[in-house]
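Residue numbers (the working numbering): 193 to 493.
Laid out in structure tokens, this is it:
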């Protein structure tokens, strides 16, 4: 179906946005790296059990190592940095704005390291999208206070750099390898690093209750499996700079979910920011008809 070209990116954005909702349920009951290594470990075991069903293929030691490096960057360092910075007081709005730099940074890395061409229209879309993200998050800026420190801001910046680098690494080295095996190796690498960080910097706080169990099940099944597989497909089938542009939509979708689930405010300024963000992403991801992704061609057969 031709509609898959729109359905997959839209589904990815919605699923990815639920990760921040899941983190809200989990973080009061567990330390960031402890929660993450358990999450990655459970995902790894589940993927192992599913390999006979999914028919995964071997990808060789070299590709396995590249996948593990991508997993360390995209999972352990990115999620660990964001969770740690917020846990230690960095306001969510400020963290969201820093994370919002990721599409522009990814575009720069993609152009520098894998030779992707970033057009003027794409750059315009990235700038418009970033402004839209800032507008959506603007009501949270008033909460900026003592949590903004060199340590928390550095952790958030490191997280953004790692996500951009991991995306480019994945595209350059293993985007054409078996998705299941690549994902398995990603979580092996990410899980081991998260475990090491937990042992070095945390006390192992992990209070098992309904909220934490719900968050863990949701994040393993919906995020670590569903959303990540969709992201791998998007990276495989398109330029990473355009794929990264989709992350601009995540704060807007998260704000809508928080409004529905937690009664958080959603004003006209934020709605205008959502529209601006959507317009920016449309500019940044639009292709000429002759540049349609291979995924579209295959889906239409």
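Where a beta carbon is used, it is the ideal one built from N, C-alpha and C, also for glycine. None of the values given here were measured: they were computed from a predicted structure.
Residue burial classification, residue i (beta-carbon count within 10 angstroms, cutoff 16)
i           : result
residue 492 : Note that residue 492 scores 37 on pLDDT, short of 50, meaning its location in the model is unreliable; the coordinates nonetheless yield the value given after this. Exposed is the call here.
residue 229 : buried
residue 208 : buried
residue 435 : buried
residue 258 : buried
residue 396 : exposed
residue 453 : exposed
residue 317 : buried
residue 222 : buried
residue 311 : exposed
residue 388 : exposed
residue 406 : exposed
residue 286 : buried
residue 476 : buried
Same chain, Cβ closer than 8 Å to residue i, neighbours up to 5 away in sequence not counted
i           : result
residue 166 : In the structure as shown, the chain starts at 193 and stops at 493, and residue 166 therefore has no counterpart that could be examined.
residue 322 : 292, 293, 295, 296, 440, 472
residue 418 : 207
residue 251 : 259, 366, 369, 370, 373, 374, 377
Same chain only: Cβ atoms within 6 Å of residue i, ignoring 5 sequence neighbours per side
i           : result
residue 235 : 379, 412, 416
residue 410 : 214
residue 308 : 302, 431, 433
residue 211 : 415
residue 450 : 456
residue 268 : 382, 385, 386
residue 438 : 201, 205
Residue i versus residue j - alpha carbon distance
i           : j           : result
residue 399 : residue 445 : 29 Å
residue 328 : residue 447 : 8 Å
residue 470 : residue 294 : 16 Å
residue 260 : residue 385 : 10 Å
residue 369 : residue 455 : 43 Å
residue 426 : residue 366 : 13 Å
residue 194 : residue 202 : Interpretation of residue 194 is limited by its pLDDT of 49, a score under 50 that renders its predicted location unreliable; the figure taken from the coordinates is listed afterwards. Using only the alpha carbons, I get a separation of about 14 Å.
residue 347 : residue 391 : 18 Å
residue 467 : residue 324 : 8 Å
residue 273 : residue 463 : 28 Å
residue 281 : residue 247 : 44 Å
residue 249 : residue 242 : 12 Å
residue 350 : residue 401 : 31 Å
residue 474 : residue 216 : 29 Å
residue 314 : residue 253 : 36 Å
residue 256 : residue 290 : 31 Å
residue 394 : residue 283 : 21 Å
Closest by C-alpha distance to residue i, when choosing among the options
i           : options            : result
residue 218 : 325, 403, 238      : 403
residue 459 : 331, 433, 390, 431 : 331
residue 300 : 245, 451, 453, 352 : 352
residue 302 : 410, 254, 430      : 430
residue 341 : 387, 263, 279      : 279
residue 200 : 428, 468, 449, 443 : 428
residue 498 : 396, 418, 319      : With the chain represented from 193 up to 493, any question about residue 498 goes unanswered, as that position is not in the structure.
residue 275 : 227, 442, 262      : 227
residue 244 : 350, 372, 224      : 372
residue 288 : 254, 344, 305, 256 : 344
residue 205 : 477, 443, 475      : 443
residue 263 : 232, 252, 290, 237 : 232
residue 364 : 405, 306, 316, 389 : 306
residue 220 : 388, 408, 477      : 408
residue 277 : 304, 438, 225, 237 : 225
Coarse secondary structure for residue i, derived from DSSP in three states
i           : result
residue 248 : coil
residue 482 : Any reading at residue 482 must be qualified, since the residue scores a pLDDT of 45, below 50, and its modelled position is unreliable; the value itself is stated next. In this structure, residue 482 counts as helix in the three-state DSSP scheme.
residue 238 : helix
Residues near residue i by beta carbon distance below 7 Å, same chain, minus five either side
i           : result
residue 298 : 356, 359, 360, 432, 433, 436
residue 375 : 239, 420, 421, 424
residue 461 : 327, 330
residue 271 : 228
residue 237 : none
Any non-hydrogen atom of the ligand SAM within 6 Å of residue i CB
i           : result
residue 376 : Among the components of this structure there are no ligands whatsoever, and the ligand SAM is therefore not found.
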